[in-house]
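Line by line, the protein sequences give chains R and P. Going by my numbering, the first residue of the first sequence is number -14, and it counts up by one from there. Going by my numbering, the first residue of the second sequence is number -14, and it counts up by one from there. Ideal Cβ positions, reconstructed from N, Cα and C, are used throughout, including at glycine. In what follows, a single structure is set out as structure tokens and then discussed.
Protein chains: 2
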Amino acid sequence: MSFDLKAYLEAHRVIVDAALDRVLPSEEIVPVNLHRAMRYSVLAPGKRLRPTLVIAGAEAVGGAAEAVLDTACALELIHAYSLIHDDLPAMDDDDYRRGRLTNHKVFGEAMAILAGDALLTLAFRLVADNAARLADPRAVARVVADVADAAGTDGMVGGQVIDIESEGKDVGADTLEYIHRHKTAALIRVSLTAGATLAGGTPAQIDAVRRAGESLGLAFQIVDDILDVEGSLAELGKTAGSDVRKKKVTYPALLGLDASKRKARGLIDETKRLLEPLGPPAEPIRALADFVFERRS
Amino acid sequence: MSFDLKAYLEAHRVIVDAALDRVLPSEEIVPVNLHRAMRYSVLAPGKRLRPTLVIAGAEAVGGAAEAVLDTACALELIHAYSLIHDDLPAMDDDDYRRGRLTNHKVFGEAMAILAGDALLTLAFRLVADNAARLADPRAVARVVADVADAAGTDGMVGGQVIDIESEGKDVGADTLEYIHRHKTAALIRVSLTAGATLAGGTPAQIDAVRRAGESLGLAFQIVDDILDVEGSLAELGKTAGSDVRKKKVTYPALLGLDASKRKARGLIDETKRLLEPLGPPAEPIRALADFVFERRS
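Written as structure tokens, this is what we have:
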């Protein structure tokens, strides 16, 4: 009997959405507009891929979803903050995201900047509180540090900087891979490792999910590039062809579509190979990897 | 023999500046412009009030500066990030800060947003690593959570939101106090409590510095309001009268100059009264409190 990913995704989306609603500040309390802006972007319908990977990372080493739910939420908050700031006029200047108006189009630029700041701040509080339920203080610091590293100058923010600086320039495969590994893969990787670390994974297990997450994250962004060429607004929730319009370098532009698909497929196969030592408990991650690849078709 | 605050401030400024230089990523590594932007704002000459308060908070309960230096840096990074984002065109739209061009005037808006994001992220890494050198995992989470609370929706970011929303409006004393307590006092308060918590202060000691920090922080912002009316560009490093120009509500505008000075003086006296149970080790905080008041004259 094969693993039912659809049911798994749906079940996790429901518990993650409920948890996000719980951890976000209420629109009933001051500052009301800030809380509205935070909730607007985070609670927009989405796959909750990063939270689901946190949970799958915990399960892969014998942990349970409930125990890592706050950290799962934290990763979604960091993802949402990065989208809000990326969409700003000074950055990618996008009007639509996930099929809705972007945060600054609804709440104004100042509020969008501050909502992003507040989401990033709240994320670290959630991770620290979640991690403190473990006995080992070094594990608390390790998870906070891992998340900070994946989100900061040597991770997501660093990737965004090089992405912006590369617009309209003739960049090579090395730079493109730097951007994708930092801007996208780092957060996907740390979703898995945070889950596995919090659930008490061994160093070998954590290293396996770290390497698998790195491959999966790069594959995810290559598929995203492919979707930008092939996809429609309905599928993406954003304007197809926007990478070309913004003169962003992409894998299809650099390698062509077929080679990009082969590269993504190879990375997905590698992801699954790296997960072999974890056995059956890593089945959800494997299924998620196939899902990442197949969403392009 | 009275406490030599001038020597104390100078000695701590030197060790904090050296530590900031150490914890900030090098301009020699990629992404170079991001690291330049981060260092430009953080390393601009300053009093390092918040880091000095972290150290003074530790010393007040018997701790040493070296043990809390990374957290001292973290508070300066959070302060610097908040200034970078506050100065953006979408927010206060300031061209000068601490007598130099603001971050976005030098590096552009996109880089200024990302530099702020990266500084906030790095701050949490530093706090977590610093706290992990303690034995108690709950203390690690408590310090990270306290810093996040002081910086987030119920702290600095929340205060900035209400500040922006109040511009040009006829707001009362309650709203003004909300803004000042959240936007400014929260971070000053948590500087003291983080130091005291990391240095192993008792709950009673931590509560005393928390309440003292709250009074000191509010006094600090009232003095800042007074300086904005009375001060010069040379003293402030920013344009005097800018609050009036931006139609920001201030204590002098609401209460008048004399009543504002009396309120600040009363809060400084309260700060010192709250510190009495801590005895002589809290002398640096008392001297800093007097310094905060006297910088207006």
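Can you tell me whether residue i is helix, strand or coil according to DSSP?
i	result
R:Leu86	strand
P:Leu218	Note that P:Leu218 scores 46 on pLDDT, short of 50, meaning its location in the model is unreliable; the coordinates nonetheless yield the value given after this. P:Leu218 falls in the helix class under three-state DSSP.
R:Leu242	helix
P:Ser282	Unreliable placement is indicated for P:Ser282, whose pLDDT of 40 sits below 50; no coordinate value is reported for it.
Nearest-angstrom Cα distance between residue i and residue j?
i	j	result
R:Glu150	P:Leu99	12 Å
P:Ala59	R:Arg258	40 Å
R:Thr187	R:Leu172	21 Å
R:Arg250	R:Ser200	10 Å
R:His89	R:Tyr25	11 Å
R:Ala95	R:Ala22	11 Å
P:Ala117	P:Ile270	26 Å
R:Leu5	R:Pro266	25 Å
R:Leu28	P:Ala272	48 Å
R:Lys32	R:Arg(-2)	7 Å
P:Ala274	P:Thr256	7 Å
P:Gly143	R:Phe(-12)	45 Å
P:Ala284	P:Phe276	Chain P is shown only over -14 to 282; residue 284 of chain P falls outside these bounds and no answer can be derived.
P:Arg287	P:Glu(-5)	An answer regarding residue 287 of chain P cannot be provided, because it is not within the stretch -14 to 282 covered by chain P.
P:Glu279	P:Asp209	11 Å
P:Glu268	P:Val46	11 Å
P:Val112	P:Ala57	9 Å
R:Asp243	R:Arg166	21 Å
R:Asp71	P:Leu240	42 Å
P:Leu218	P:Asp77	Because the pLDDT at P:Leu218 is just 46, under 50, the model does not fix this residue reliably, and the point stays unresolved.
R:Asp121	R:Leu212	43 Å
R:Pro16	P:Gly140	10 Å
P:Ile40	P:Asp2	13 Å
R:Leu(-10)	P:Leu38	52 Å
R:Ile253	R:Ser245	12 Å
Along chain P, in chain order, which residues have C-beta atoms closer than 7 Å to that of residue i?
i	result
R:Val91	Near R:Val91 there are no residues of chain P at all, since even the closest Cβ is about 14 Å away, more than 7 Å.
Quick one: which chain P residues come within Cβ less than 9 Å of residue i?
i	result
R:Asn18	Val146, Glu150
Taking residue i as the query, report the chain R residues whose CB atoms sit under 7 Å from its CB, ordered along the chain.
i	result
P:Ala95	Ala75, Met76, Ile149
Name, please, each residue of chain R whose Cβ falls closer than 8 Å to the Cβ of residue i.
i	result
P:Ile70	Checking the sequence, you will find His at residue 70 of chain P rather than Ile. Within chain R, the residues near P:His70 are Ile98, Leu99, Asp102.
P:Ala130	Arg110, Ala113, Asp114
P:Tyr126	Note on residue identity: the sequence assigns Ala, not Tyr, to residue 126 of chain P. Under the 8 Å cutoff, chain R gives Ala113, Asp114, Ala116, Ala117, Val125.
8 Å is my cut-off, CB to CB: does residue i come that close to chain A?
i	result
P:Gln206	In summary, chain A is missing from the structure at hand, where the protein chains are R and P.
Would you say the beta carbon of residue i is closer than 7 Å to some non-hydrogen atom of the ligand SAH?
i	result
P:Tyr81	Absence of the ligand SAH from the depicted structure is noted, as is the absence of any ligand whatsoever, leaving it without description.
Point to revise | Contact list for the stretch 134 to 153 of chain P against chain R, Cβ threshold 8 Å | key: Asp134, Ala136, Gly137, Thr138, Asp139, Val142, Gly143, Gln145, Val146, Ile147, Ile149, Glu150
Point to revise | Against chain P: residues of the stretch 97 to 123 of chain R by CB proximity under 7 Å | key: Ile98, Leu99, Asp102, Ala103, Leu105, Thr106, Leu107, Phe109, Arg110, Ala113, Asp114, Ala116, Ala117, Leu119, Ala120, Asp121, Pro122, Arg123
Exercise for review: Evaluate the contact criterion for the stretch 173 to 184 of chain R versus the stretch 123 to 133 of chain R: three or more CB pairs, one atom per stretch, below 8 Å.
Suggested key: yes
Exercise for review: Please confirm if the stretch 100 to 107 of chain R is in contact with the stretch 66 to 73 of chain R, defined as three or more CB-CB distances below 8 Å between the two stretches.
Suggested key: yes
Review point. Taking a cut of 8 Å between CB atoms, which residues from the stretch -2 to 28 of chain R lie near chain P?
Key: Pro10, Val15, Pro16, Asn18, Leu19, His20, Met23
Practice item. May I ask you to list, following chain order, the residues of the stretch 160 to 171 of chain P that have a beta carbon less than 8 Å from some beta carbon of chain R? Key: Tyr163
Exercise for review: Please determine if the stretch 159 to 167 of chain R and the stretch 232 to 247 of chain R are in contact, where contact requires at least 3 C-beta pairs separated by less than 8 Å.
Suggested key: yes
Review point. Does the stretch 81 to 100 of chain R touch the stretch 111 to 126 of chain R, meaning 3 or more C-beta pairs lie closer than 8 Å?
Key: no
Check your understanding: Does the count of Cβ pairs from the stretch 189 to 196 of chain R and the stretch 258 to 271 of chain R closer than 8 Å reach three?
Key -> yes
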